[in-house]
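Contents: one structure, followed by commentary.
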Amino acid sequence: MSQLVLLLLLVPLAGGLVTLFVRNAGHKFARNLALGFFLLNLFISFKLTWDYLPLLEKHSISVEEKLTFVPLESSVTVFDLIRINPPYEGRPDAGAIRFFIGIDGLNLFLLPLTCILFSGSVLATWNSIREKSHLYYGFMLLLQFATLGAFLSFDVILFYAFFELTLIPLLFLIAMWGGPNRQYAAKKLFVYTLGGGLATLLGVISLISALNQNLLDDNNDLPVTFSIPELITASHDTQVGLNKKVFETKADKDLLNPLLKTNLEINKAKLDYWSSCQKWIFLLLATGFLVKLPAFPFHTWQPTAYYEAPTGVTLVLGGILAKLGAFGFLRLCVPMLPVPAWEFGTYLFSILSVVAILYGAACAIAQDDLKRMLAYSSFSHLGFCLLGIFALNETGLTGSYLQMINHGLNVGALFFICEILHHRYGTTKFKDLQGLGSKLKILSGITVFYVMCSVGLPGLNGFVGEVMCLFGMFETNNPSVSGKILASTCSLGMVFGAWYLISMVMKVFFGKLSEPVFKKEDPVSDLTMVEKIFLFPLALLCLFLGIYPQPMIDTIRPEIHLIAKLNLQANNLLPLAKMDK
1148 MSQLVLLLLL
1158 VPLAGGLVTL
1168 FVRNAGHKFA
1178 RNLALGFFLL
1188 NLFISFKLTW
1198 DYLPLLEKHS
1208 ISVEEKLTFV
1218 PLESSVTVFD
1228 LIRINPPYEG
1238 RPDAGAIRFF
1248 IGIDGLNLFL
1258 LPLTCILFSG
1268 SVLATWNSIR
1278 EKSHLYYGFM
1288 LLLQFATLGA
1298 FLSFDVILFY
1308 AFFELTLIPL
1318 LFLIAMWGGP
1328 NRQYAAKKLF
1338 VYTLGGGLAT
1348 LLGVISLISA
1358 LNQNLLDDNN
1368 DLPVTFSIPE
1378 LITASHDTQV
1388 GLNKKVFETK
1398 ADKDLLNPLL
1408 KTNLEINKAK
1418 LDYWSSCQKW
1428 IFLLLATGFL
1438 VKLPAFPFHT
1448 WQPTAYYEAP
1458 TGVTLVLGGI
1468 LAKLGAFGFL
1478 RLCVPMLPVP
1488 AWEFGTYLFS
1498 ILSVVAILYG
1508 AACAIAQDDL
1518 KRMLAYSSFS
1528 HLGFCLLGIF
1538 ALNETGLTGS
1548 YLQMINHGLN
1558 VGALFFICEI
1568 LHHRYGTTKF
1578 KDLQGLGSKL
1588 KILSGITVFY
1598 VMCSVGLPGL
1608 NGFVGEVMCL
1618 FGMFETNNPS
1628 VSGKILASTC
1638 SLGMVFGAWY
1648 LISMVMKVFF
1658 GKLSEPVFKK
1668 EDPVSDLTMV
1678 EKIFLFPLAL
1688 LCLFLGIYPQ
1698 PMIDTIRPEI
1708 HLIAKLNLQA
1718 NNLLPLAKMD
1728 K
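Be aware that the sequence shown starts at 1148, since it is given in my numbering, and climbs by one per residue.
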């Protein structure tokens, strides 16, 4: 399996480099070549998912025993990239930045989602990209390489490198093939993403530095580690160890002994220091993930970038790249730093989630353009991901993950439909597109289906994730927030979502036919075979995930249980020094 995982990463890298240099072969050759690489990767991702499921029970036991993320052993590829210290016996991860990739429940379903949407992005722009098409498809393949690399990484520096690498091809794709304001959109995206990325890098460095100070005084001379599983273990052990030392010293009956009193003060000072470090590290790491998601107030780059980018790129931006932000919280922030996540993360980020859900919905209602409306709709629906994560219980965390997958499928399909309309009519303005259902019957029917998925109709995929996010927040026992009030308020986002999406369908597909004048040789037609190949199988997948999401829930349960367990323990590991004050 490890060879397949490595191949999943190497196929888009090799494909991107090859496609970049076929400049004289014509746009059809470049398109078909890129599609071949994307479809090969799609097959590999399905094969990996299928092979993983029988190994789930054994993997679940490993995660439970080690209390950290454990990639499936047969999926791991690991070797040193930069060795800072000599090898340490029994700990090959210590003292080296490593190429460490593998599969666990947390990234398993994000791999086929990535491959589905990148394949769909080629089909969405089947006849649209004609100028410098070899560069366009080459950059798309390299973007897939960086995205998959971030999902597969189990080394924190490797994760950060892939996380930031997604920015480079994305900038070229928007700046070279975007709309009239593409340069402004690319610059704004660059400033926000780079700023957030630098904050995340500072957080990573600070975390490694803090954990390398040996606050426990256990004579452990291990060099620094960059392994994500080992960092989670080290962070947890540091918090538990410092709390235990303070407890034991305070429980000593001979506390009047000057030596014991000094030890208590030293240990409490260390606990205060570690608690302060965690808060700042948590905020630094979170900043980059909030920008990538995006979440309020770091979202202002999103509507412009989504609107100006080629729709094939927007499909990938909203469908998968936004999930890197939520994934960063699940992989790094919340399990590594559960105490600040519990102390103030739930309060801060649940409020931001409410604002994102309602503000995004209000902005979507106000739009007069389908593509802009979908951009704000995506922003609103991603607020549910953040809400579920910071419920910090299994219900909310599971709902957040399901929402990541289902939102990716739904918004990807809706942006695909947006490109169909733009290709046929040259516009996505509501005033120019009315009553098209009488002419485009199949398109109108499939659009209604995906709109119902997105609004959360019971029995379809959008319902499960959003409702579990709401239930998770409703059930949260964090005293810093009123989960019932927050969940009830966020439920209005589902009502508003149904309002603007169904209103869009009524405007565009029902009523009196009104088509814009758009000079094209070919008459406007219903769905082509290429478009059906993407939209119809995806609809079946959305229906299946809505009716029977249990296999996905069972697969991600070990990692979700781990994150919830670490944060439940954080409730009992609040800094004692603070409690004394």
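Think of the CB as a built atom: it goes at the ideal place given N, C-alpha and C, for glycine as much as any other residue. What you are looking at is a predicted structure, and each value in this text was computed from that prediction instead of being measured.
Item: Three-state secondary structure assigned by DSSP to SER1280; Value: helix
Item: For ARG1245, the residue or residues it bridges with in DSSP; Value: ASP1227
Item: Three-state secondary structure assigned by DSSP to ARG1238; Value: strand
Item: Candidates THR1636, ASN1179 and GLN1581, of which the one nearest PHE1618 by Cα; Value: THR1636
Item: Residue range of the unbroken alpha helix (DSSP H) whose run includes GLN1514; Value: No alpha helix (DSSP H) holds GLN1514; DSSP gives it neither H nor E.
Item: Runs of alpha helix (DSSP H) lying entirely within the segment 1302-1387, each at least 4 residues, in chain order; Value: 1303-1312, 1314-1324 and 1329-1358
Item: Element boundaries [alpha helix (DSSP H), containing CYS1637]; Value: 1630-1656
Item: Residues sharing a beta bridge with SER1661, DSSP; Value: GLN1581
Item: Pair within 8 Å by beta-carbon distance, ILE1504 and GLY1546; Value: no
Item: CYS1689: first and last residue of the uninterrupted alpha helix (DSSP H) it sits in; Value: 1676-1694
Item: Distance, LEU1479 Cα to GLU1377 Cα; Value: 12 Å
Item: The alpha helix (DSSP H) enclosing HIS1570, as first and last residue numbers; Value: 1541-1572
Item: Coil, strand or helix - LYS1728 by DSSP; Value: With a pLDDT of 46 at LYS1728, under the threshold of 50, the predicted position of this residue should be treated as unreliable, though the coordinate-derived value follows. Correct three-state label for LYS1728: coil.
Item: Alpha-carbon to alpha-carbon, LEU1648 and LEU1674; Value: 21 Å
Item: ASN1625 beta carbon less than 8 Å from that of THR1481; Value: In the sequence on display, residue 1481 carries Val and not Thr. Cβ atoms of VAL1481 and ASN1625: not closer than 8 Å.
Item: Straight-line Cα distance separating PHE1526 from CYS1532; Value: 10 Å
Item: Residues near ALA1511 in its chain [Cβ-Cβ closer than 6 Å; skip 5 each side]; Value: MET1520, TYR1523, SER1524 and TYR1647
Item: Alpha-carbon spacing of THR1493 relative to GLY1535, whole angstroms; Value: 10 Å
Item: Span of the alpha helix (DSSP H) around LEU1180; Value: 1174-1199
Item: Integer Cβ distance of GLY1573 from SER1661, believed to fall under 8 Å; Value: With a Cβ gap of about 14 Å, GLY1573 and SER1661 do not count as contacting.
Item: Own chain residues within Cβ distance below 6 Å of VAL1614, not counting five before or after; Value: none
Item: Cα-Cα separation, SER1422 to SER1374; Value: 22 Å
Item: DSSP bridge partner residues for SER1300 (one or two, in chain order); Value: ILE1248
Item: Limits of the alpha helix (DSSP H) - the one that GLY1672 falls within; Value: According to the sequence as given, residue 1672 is Ser; it is not Gly. Note, SER1672: premise wrong, no alpha helix (DSSP H); not H, not E.
Item: contact_flag[the segment 1466-1479, the segment 1550-1558] where n(CB pairs < 8 Å) is 3 or more; Value: yes
Item: Nearest-angstrom Cα separation, counted from PHE1610 out to THR1447; Value: 27 Å
Item: Counterpart residues of LYS1576 in DSSP-defined beta bridges; Value: ASP1516
Item: Assigned exposure category for PHE1691 - 16 Cβ within 10 Å defines buried; Value: exposed
Item: Assumed close pair THR1385, LEU1358 - CB separation to whole angstroms, cut-off 8 Å; Value: 6 Å
Item: Among ALA1433, SER1207, PHE1429 and LEU1580, nearest to MET1653 - alpha-carbon criterion; Value: LEU1580
Item: ILE1589 classed as buried or exposed, judged by whether at least 16 other C-beta atoms fall within 10 angstroms; Value: exposed
Item: Nearest neighbour of ASN1718, chosen from LEU1345, PRO1487 and VAL1438 [CA to CA]; Value: PRO1487
Item: Stretch pair the segment 1332-1351 + the segment 1440-1454: three plus CB contacts closer than 8 Å; Value: yes
Item: Contacts around ASP1516, its chain only, beta-carbon distance under 6 Å, and the 5 residues preceding and following it disregarded; Value: THR1575 and LYS1576
Item: Bounding residues of the alpha helix (DSSP H) (the contiguous stretch that carries LEU1154); Value: 1149-1167
Item: Sequence-distant residues of its chain with Cβ nearer than 7 Å to LYS1426 (five each side left out); Value: PRO1487
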